[in-house]
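Input: a single structure, listed below in structure tokens.
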Amino acid sequence: MIAAIIIVAVIAVLIVAVCVRGAWENHALQCNPLTVEDEKLPAAFDGLRVAHISDLHNTPFGKDRQKLIGLLAKAKPDLIVVTGDLIDKRRPGMRNALDFAAQAVRIAPVYYVPGNHEAASAEYPALKRQLAELGVILLDDRAVRLEQGGEVLTLMGVADPRMCVPNENGAIARCMQEKLAAVTEGAEGYQVLLAHRPETLTQYAQAGIDLAFCGHAHGGQFRLPWGGVIAPNQGFFPKITAGIYRQGGTQMVVSRGLGNSWIPIRLFNRPEVLLVTLHRAKAAVSEKK
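Numbering (numbering that gives the first Met the number 0), first residue to last: 0 to 288.
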């Protein structure tokens with residue numbers, strides 16, 4: 000009897016500890032640096048600093064968003080990319096997203112693509128309009144040409160395929176393929192893609208993308224030493240959750256994101272702002288000499 004009571008007490012303490020840790024982690028925002036090296040990167044863009052934001056899910060992060068904005072300002076990025084799910088279909092409201100955007104555009108140019116939560120929200124048309132009014136550059140199935148020192152980087156974005164396919168089925172892949180074909184047509188120089196979903200890395204590689212920025216996986220929600228536990232569209236023990244991945248000539252940066260959706264807590268998986276510095280690979284530099 001005593002042994003049973005001890006076991007129950009230990010389990011109860013563990014549950015409470017997990018809940019407390021998870022509640023703390025939800026707001027324990029951090030800025031994590033990453034370096035991407037690529038011999039294809041034009042020399043004029045060597046050292047470009049990109050702040051990567053994803054999956055805000057209507058989370059405030061401090062009064063007036065100051066915790067998040069403070070981290071961004073301190074990072075001093077050259078540009079800010081936002082890879083979807085600024086809002087949450089389960090928690091209506093755009094204030095956190097719009098307040099964040101209004102302050103972020105004062106730090107650096109902001110480029111944005113919508114995620115699956117925007118696709119499922121009736122608020123998205125209004126959000127899209129108001130983001131544009133704030134000065135956010137919407138890469139909603141379109142591309143922009145960045146020129147520096149006579150060299151070109153094409154920054155392109157695809158809206159989440161749920162925008163054109165209502166259900167998660169085989170048509171998602173076909174929709175993404177069509178979007179990628181359209182947005183890469185005529186693209187010049189180094190090709191950088193903003194997209195919400197990381198699990199479609201193969202399609203990004205097939206489209207000839209040099210570097211992709213994605214979110215959606217929430218870092219696997221609960222992180223173990225070998226990776227995440229669960230992610231949307233990947234299920235349990237997903238292969239792609241956070242960090243840098245490579246397939247062929249394509250590299251992909253995946254953010255753990257900021258907020259939560261249907262699972263309300265994180266564990267060993269703090270919300271993050273990524274500061275990604277692009278460098279021309281040393282091999283390419285030496286070849287040029």
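Where is the CB? At the ideal position from N, CA and C, for every residue including glycine.
State the Cα-Cα distance for the pair residue i and residue j, rounded to the nearest angstrom.
| i | j | result |
| --- | --- | --- |
| V49 | L273 | 8 Å |
| N268 | F60 | 16 Å |
| P160 | G185 | 22 Å |
| G92 | K66 | 20 Å |
| D98 | A158 | 22 Å |
| F44 | C30 | 22 Å |
| Q233 | P197 | 10 Å |
| A181 | G46 | 29 Å |
| M251 | A118 | 23 Å |
| R245 | E36 | 11 Å |
| E271 | R173 | 31 Å |
| A42 | R279 | 6 Å |
| V135 | V275 | 20 Å |
| G256 | K39 | 27 Å |
| V284 | T249 | The predicted position of V284 is uncertain, since its pLDDT is 43 and thus under 50; no value can be drawn from it. |
| M0 | T201 | 56 Å |
| M162 | L179 | 14 Å |
| G258 | A241 | 15 Å |
| A74 | I106 | 10 Å |
| M175 | G169 | 11 Å |
| D140 | P32 | 28 Å |
| F235 | P263 | 17 Å |
| A101 | H56 | 17 Å |
| S120 | K281 | 45 Å |
| R94 | V80 | 19 Å |
| G227 | R64 | 27 Å |
Please say whether residue j and residue i have beta carbons closer to each other than 8 Å?
| i | j | result |
| --- | --- | --- |
| H217 | D87 | no |
| P108 | L70 | no |
| G219 | S254 | no |
| A211 | A194 | yes |
| L133 | V112 | no |
| Y203 | G156 | no |
| L130 | A142 | no |
| L266 | R222 | yes |
If residue i and residue j are in contact, beta carbons under 8 Å, what's the gap, nearest whole angstrom?
| i | j | result |
| --- | --- | --- |
| I68 | A103 | 7 Å |
| E187 | V151 | 5 Å |
| H116 | D84 | 4 Å |
| W261 | R89 | 7 Å |
| L192 | I171 | No, L192 and I171 are not in contact; Cβ-Cβ is about 17 Å, not under 8 Å. |
| Q190 | T183 | 7 Å |
| I229 | P237 | 7 Å |
Assign residue i to one of three DSSP states: helix, strand, or coil.
| i | result |
| --- | --- |
| V143 | strand |
| F221 | strand |
| F60 | coil |
| P124 | helix |
| Q289 | Only positions 0 to 288 of the chain appear in this structure, which leaves residue 289 out of reach. |
| A101 | helix |
| P32 | strand |
| E150 | strand |
| G69 | helix |
| L137 | strand |
| V252 | strand |
| R196 | coil |
| L274 | strand |
| F212 | strand |
| A11 | Below a pLDDT of 50, predicted positions are generally treated as unreliable, and A11, at 49, falls in that range; no measurement from the model is reported. |
| T240 | coil |
| V157 | coil |
| H116 | helix |
Would a check of beta-carbon distances place residue i closer than 8 Å to chain C?
| i | result |
| --- | --- |
| K39 | Although the question refers to chain C, the structure presented lacks it and comprises just one protein chain. |
| field | Segment contact flag, the region 122-131 with the region 143-151, C-beta cutoff 8 Å, min 3 pairs | value | no
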